[in-house]
Structures are given as C-alpha cells and as structure tokens.
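Remarks on the structure that follows.
There are 2 protein chains.
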Amino acid sequence: MEIIDGKKVADQIKSEIAAEVEKMVAEGKKRPHLAVIIVGHDGGSETYVAHKVKSCAQVGFTSTKIAFEDTVTETELLEKINELNNDTDIDGFIVQLPLPKHIDEQKVIEAIDYRKDVDGFHPVNVGRMSIGLPCFVSATPSGIIELLRRYEIPTQGKHCVVIGRSNIVGKPIANLMMQKTYPGDATVTVCHSRTRNLKEICLSADIIIAALGSPAFLKEDMVKEGAVIIDVGTTRIPCSTTKSGFRLCGDVDFEHVAPKCSYITPVPGGVGPMTIVSLLRNTLQAARQRQ
Amino acid sequence: MEIIDGKKVADQIKSEIAAEVEKMVAEGKKRPHLAVIIVGHDGGSETYVAHKVKSCAQVGFTSTKIAFEDTVTETELLEKINELNNDTDIDGFIVQLPLPKHIDEQKVIEAIDYRKDVDGFHPVNVGRMSIGLPCFVSATPSGIIELLRRYEIPTQGKHCVVIGRSNIVGKPIANLMMQKTYPGDATVTVCHSRTRNLKEICLSADIIIAALGSPAFLKEDMVKEGAVIIDVGTTRIPCSTTKSGFRLCGDVDFEHVAPKCSYITPVPGGVGPMTIVSLLRNTLQAARQRQ
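In structure tokens, the structure reads:
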C-alpha cells in the first residue's frame, strides 16, 4: 500500500511552475497575473483566498485581490468582471464562491470570459472538457487526474466508481475518467444518493473516487483488495485537540480501508493540496495562450 | 415485453408541436423558423436534410435550406453563420455534418450563436446540460429521454449502462441519465472499447443504451430478465430484398434479446424517428425564447 502524497506532488509542481515563470520572465514575457474577487467575510473563503494569493507569490505570479463588502450589488460585481475581462494585464481570474444570496452565482460565472475562467466553471469550459477539447478543468478533478498521472496509476480499462455527482467534482471527474486518454479510458460508474447496492458496485471497482461529503462513509467491506482510493471529502469535525477546534475528515474510513489498497490519498494531504496547484497551472496556461 | 414505438411517439409529438404553432400564430406570433445549411452532395446528408425540411412543413414551421457546393471555403461558411446569427427571423439553425475535410467542423459549431444552436452541439449547450441548466440537448439523447418519459419507464436508482462514449450520444445520454430529475437519477455506467467484463456489467443493468455502432452486438446472454433496452445503432447492411439495397441494423440482436426485455426499441422505428422531433422541439423552444 502506498499513500499518495498530495503535498509532495503539489510542492513539486509549484517548483516546476516557478521555473517556467522564471524562464518566461528571462525571455522578456510578463509574469502570469491572477486576480481573485472575494465578496464578504466568510471565514473559509478568506482563508482560501489568502492561500491562493500566497501560492501565487511562491511561484512568481503577480496576483490582485479584489474585496467587496457583502452589500455589493450584482451589477457592481458584473461591472468588475467586465473590467477584468478587458484588462489585458490579467491572464485569469476567479470569483471566490459562495456568493451572498442576492447575487446569482450562475450569472456571475457566465459573465467571466471563458478564456480567463481559470476556475473552469464556465459552461464553455465544462462543455469543452466533455467533448475532449482543450479547456480549463476545474481544480479538484484536475488535481485528481494529476495525482493519477504522477503516480503512474494504470487507468485504461479499469472500473472507476465515482461516488457523488456534484457539478464541481463528481460529474467532471467522471467525464475526465471516460475520455480516450491517459489518465482516463476507464469504465466509469457514477453513484449517488439514489444508488442501490452501492456496496456491490464499489466492490467491483479498481478505482474509487469518493466525493459525497460524508465523513468516513467508505468502509473496508466496500473495497476490494488492491483498489486505488481517491478521497475528496473534507468535512470539518469538531476536535478538542487542535488549535482551530476542528479537524478535516475524508469520505473514507482511512484507518481500516488503507491496508486493503494499492494506493490511497489521505485527508488532509491528499487531493486538497492539489487544488490550488490546479488553479496555478490553469493561470500559467492562460498566460501562455495570451502571449 | 413491450416494443417502444418511436414512430408513434414522434407522430404524436409532431401533432402537439403543430397545435402549439397554430396557437402561436393565432396569438399573432410568427411561425418558428429553422434554417439548415448543407455543404456538398453526400447522399445521407441530403436525405436527412430533406426529412428535416419536410418535418418543418408538417408542424407549420418556416424552413430555409441553404446549400453550398463542397468547394465552399471555411470563411464563406462562417460568414453565412454570422449572417444567420444576426437574422432576427431565424429562430434556430443547424449545419448538417459531416463537412468536407478542408473545413474545421469544431470551428463551425462554435461559430453558431448557442441560443440558435438547435443541434445542441455548441460547448455552451453541452456544458449547460452537464451542469443541469436549461439548454438545447442534441437530438438523439433528447429523443431517448422523451421515449423513457412517454412510456413512463422508471429510472430513479436504476442501473443504466451506456455502451459507447461518443460526443453525440454516449457522453450526453450518460450525463442526462445521472441528473437529479426524471427521466434520470439513475446510477450510470459508461462502457466502451476498453471495457473489460462488459457482459457482467450489462447483466447488472436495468436499462441498457447501446450506442456503439456494431450490428447485433448486444446478445441475449448479456441482458437480464426484464431489462429496458434502447438501441441507438443504425448501421447500413447490404440487403438484396429492399429497394435501396440496404437495411438498417441496430446494435441489439433484437430477435433474441426482445423476449427477455420489459421494453425495447426496434431498429428502424425506435430512437430514429425521435431525432428529427427533438430538432423540432428545440426549434420551438428557441422561437418561444425569442418572442
């Protein structure tokens, strides 16, 4: 059994991106520039945005944080998006979700020029991914694919079971895993709350991607010997022994499942660290396409 | 065992559309207007386009056929698309595929205003479908969903196996069948050329959608008792007893599979007749959105 070290892979990719940026700068090109819009003061969102800004600095990107109070109107936000769409110095930008209830998230996502949509949430990018065309793939599915690639995990003809059908993880990772490429080319089953005999389906899986958001849901009796387990869950569980007062818990009962696996991602330190790296990779790609 | 009569359902939907159009006209609205671009003289394409034009007449739509020789340049074709995008009288239009090799099909598809893309091939429509937003769904997957609906076939929690992962059938029908709606909400497995133990997977299926284009591929020993079988295959097989010199053969060994099924679509007369109806429905929807 090998633990997939997402932190290590993420650090390695950051080094590769940093080297690429220095090469671009040496060639007289400008540094990739990511802008991040944040609305209001949600604690989680502020932490994520701070991480994103810090990661930009680590790899030599320019970054701009644009903060609005949660009283901002939809029109004001859309105006800012339009401004960023037309700002030739900005290679890519994201609007940190969730947004306050008075703002239509889907409208905001669709207002972003898909060529700058480094979060990969715009329908054009979702559609291009499904068709198999070049596009920005959203952070979590992209991170999973990169982990499979870096660990050289065979996927062709394997049975990949995805638990969860969210628009940001389940559906896109299922789409990617069925594409005629590596990593991919797998037989893909998408399971969800309505699925019957989930246990039986999981037992037939060579690869399980658990993305349902239910702590320690996947038990050892649902996993066949030698399976590859990717755990996307990150539920906050109250915890008296950590400074923050909580700990992150994955969708997999790691302690009991791990001994049966060929590969498994831990939580934290598995898929999580890869998500910001995916955003950085998309931004680098956007910058390359614009220069 | 009940045979799903696609011809009958298609005729019924055409009557419904015709009634809707007469209502629109009585309210002083204009008739829905579909334009069809055809390039060259491919026999299959000319037949399809003729059927589409004829179907428009049957339901009271205005239609315009725009024919180019296969010497047309990509630029000329893109100019015509731009003209149709801006023509307020045209509610929707399609470019009949395939196109000659010197024309980039994907570029042509993406040039169509997605609000007039009644073929549902534009990445925006593909992406919106995956996300679960209102969109134009392409003809074959849309036709399959409508057959399931009209025959009131239960799908929630059922195991739906899709054989084939093409961009026009396999991937979109898989996406639709996993959406949290009816018809849909199924556990979905996508199989393809790389799939191992296909027989075992098919035997676990409550619904099989065969869309691989291999005549009589699905045999009785791959189907469990009471399964629902949707046959998307339409391979032309040489045949001495028909006037055309060929007959259409589905992906299912109908004669032997049918007795085991609860429902099955025949070929011809199953999914086929539904495809043009899907195009008409999309055009009606486009017209409604524009008035």
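Protein chains in written order, with numbering that gives the first Met the number 0: chain A, 0 to 290; chain B, 0 to 290. Glycine included, each C-beta is placed from N, C-alpha and C at the ideal position. Quick caveat, the model's predicted, so the values are computed rather than measured.
With a threshold of 8 Å on Cβ separation, who are the neighbours of residue i within its own chain once the five nearest residues in sequence on each side are excluded?
i                 : result
Ile275 of chain B : Ala9, His50, Lys51, Ser54 and Ala138
Gly244 of chain B : Pro237 and Cys238
Lys13 of chain A  : Ser54, Gln57, Val58, Val276 and Leu279
Taking the alpha helix (DSSP H) that residue i belongs to, which residues open and close that run?
i                 : result
Pro31 of chain A  : Element bounds for Pro31 of chain A: n/a, residue is neither H nor E.
Gly126 of chain A : Pro122 to Ile130
Gly183 of chain A : From DSSP, Gly183 of chain A is part of no alpha helix (DSSP H); its letter is neither H nor E.
Ser277 of chain A : Gly271 to Arg289
Tell me which same chain residues have a C-beta within less than 6 Å of the C-beta of residue i, skipping the five on either side of it?
i                 : result
Thr61 of chain B  : Arg30 and His32
Ile36 of chain A  : Ile65 and Val94
Gly131 of chain A : Gln178
Met176 of chain B : Cys159, Gly183, Ala185 and Val187
Cys134 of chain B : Asn124, Arg127 and Met128
Leu77 of chain B  : Ala110
Taking DSSP as the reference, what is the three-state secondary structure of residue i?
i                 : result
Asp10 of chain A  : helix
Glu68 of chain B  : coil
Asp103 of chain A : coil
Arg164 of chain A : coil
Ile172 of chain A : helix
Ser239 of chain A : coil
Gly43 of chain A  : helix
Glu151 of chain A : coil
Ile144 of chain A : helix
Ser137 of chain A : coil
Asp220 of chain B : helix
Arg246 of chain A : strand
His255 of chain A : helix
Thr63 of chain B  : strand
Gly225 of chain B : coil
Cys55 of chain B  : helix
Val231 of chain A : coil
Val38 of chain A  : strand
Ile111 of chain B : coil
Ile200 of chain A : helix
Ile206 of chain A : strand
Asp3 of chain A   : Note that residue 3 of chain A is Ile in the sequence shown here, rather than Asp. Correct three-state label for Ile3 of chain A: coil.
Residue i to residue j, Cα distance in whole Å?
i                 : j                 : result
Val38 of chain B  : Phe92 of chain B  : 14 Å
Glu254 of chain B : Pro265 of chain B : 10 Å
Ala257 of chain B : Gly271 of chain B : 18 Å
Ala34 of chain B  : Ser129 of chain A : 27 Å
Glu82 of chain A  : Lys115 of chain A : 12 Å
Leu202 of chain A : Ala215 of chain A : 17 Å
Ala56 of chain B  : Gly268 of chain B : 21 Å
Val71 of chain A  : Asn124 of chain B : 30 Å
Thr74 of chain A  : Asp220 of chain A : 52 Å
Glu26 of chain B  : Lys79 of chain B  : 31 Å
His40 of chain B  : Met0 of chain B   : 42 Å
Thr46 of chain A  : Thr241 of chain A : 17 Å
With residue i as the anchor, note down where its beta strand (DSSP E) starts and where it stops.
i                 : result
Ser213 of chain A : Looking at the DSSP string, Ser213 of chain A is not in any beta strand (DSSP E), and its letter there is neither H nor E.
Pro267 of chain A : First-last for Pro267 of chain A: undefined, no H or E at that position.
Thr188 of chain B : Thr186 to Cys190
Ile93 of chain B  : Gly91 to Val94
Among the candidates the options, whose CA atom is the shortest distance from the CA of residue i?
i                 : options                                   : result
Asn287 of chain B : B:Thr72, B:Asp252 and B:Ile89             : According to the sequence shown, residue 287 of chain B is Arg rather than Asn. The shortest C-alpha separation from Arg287 of chain B is found at B:Ile89.
Ala66 of chain A  : A:Val125, A:Lys13 and A:Leu96             : A:Leu96
Ile172 of chain A : A:Ile3, A:Gln57 and A:Leu146              : A:Leu146
Val24 of chain B  : B:Leu132, B:Thr46 and B:Val58             : B:Val58
Asn196 of chain B : A:Thr186, A:Phe135, A:Gly126 and A:Glu199 : A:Thr186
Lys218 of chain A : A:Gly169, A:Ile2 and A:Asp250             : A:Asp250
Ile200 of chain B : A:Gly183, A:Val160 and A:Arg193           : A:Val160
Gly126 of chain B : B:Lys157, B:His40 and B:Asn174            : B:Asn174
Lys6 of chain B   : B:Asn281, B:Thr74 and B:Ser277            : B:Ser277
Arg149 of chain A : A:Tyr262, A:Ala285, A:Gly27 and A:Thr194  : A:Tyr262
Ile208 of chain B : B:Glu151, B:Ala226 and B:Asp220           : B:Ala226
Thr180 of chain B : B:Glu1, B:Ile102, B:Thr154 and B:Met0     : B:Thr154
Thr294 of chain A : A:Ile162, A:Tyr47 and A:Ile229            : One cannot answer for residue 294 of chain A here, as it falls past the ends of chain A, which runs 0 to 290.
Asp205 of chain B : B:Gly212, B:Cys260 and B:Glu151           : B:Cys260
With a CB to CB cut of under 7 Å and the five nearest residues on each side skipped, what residues in its chain are close to residue i?
i                 : result
Arg289 of chain B : Asp90
Arg235 of chain B : Phe245 and Leu247
Phe297 of chain A : There is no way to answer for residue 297 of chain A, as the model of chain A reaches only from 0 to 290.
Leu98 of chain B  : Val38, Glu104 and Val107
Leu283 of chain A : Ile16, Glu19 and Pro31
Arg164 of chain B : Lys170, Val189 and His191
Ser44 of chain B  : Ile37 and Gln95
Ile144 of chain A : Leu175 and Pro182
Val309 of chain A : Here chain A has residues from 0 to 290 only, and residue 309 of chain A is not among them.
Val2 of chain A   : With the sequence shown as reference, residue 2 of chain A is identified as Ile, and Val is not the correct amino acid for it. These residues qualify, in order along the chain: Ile263 and Pro265.
At a threshold of 8 Å, does residue i count as lining the ligand NAP (C-beta to nearest heavy atom)?
i                : result
Gly27 of chain A : Within the structure as shown, the ligand NAP is missing, as the structure has no ligands at all.
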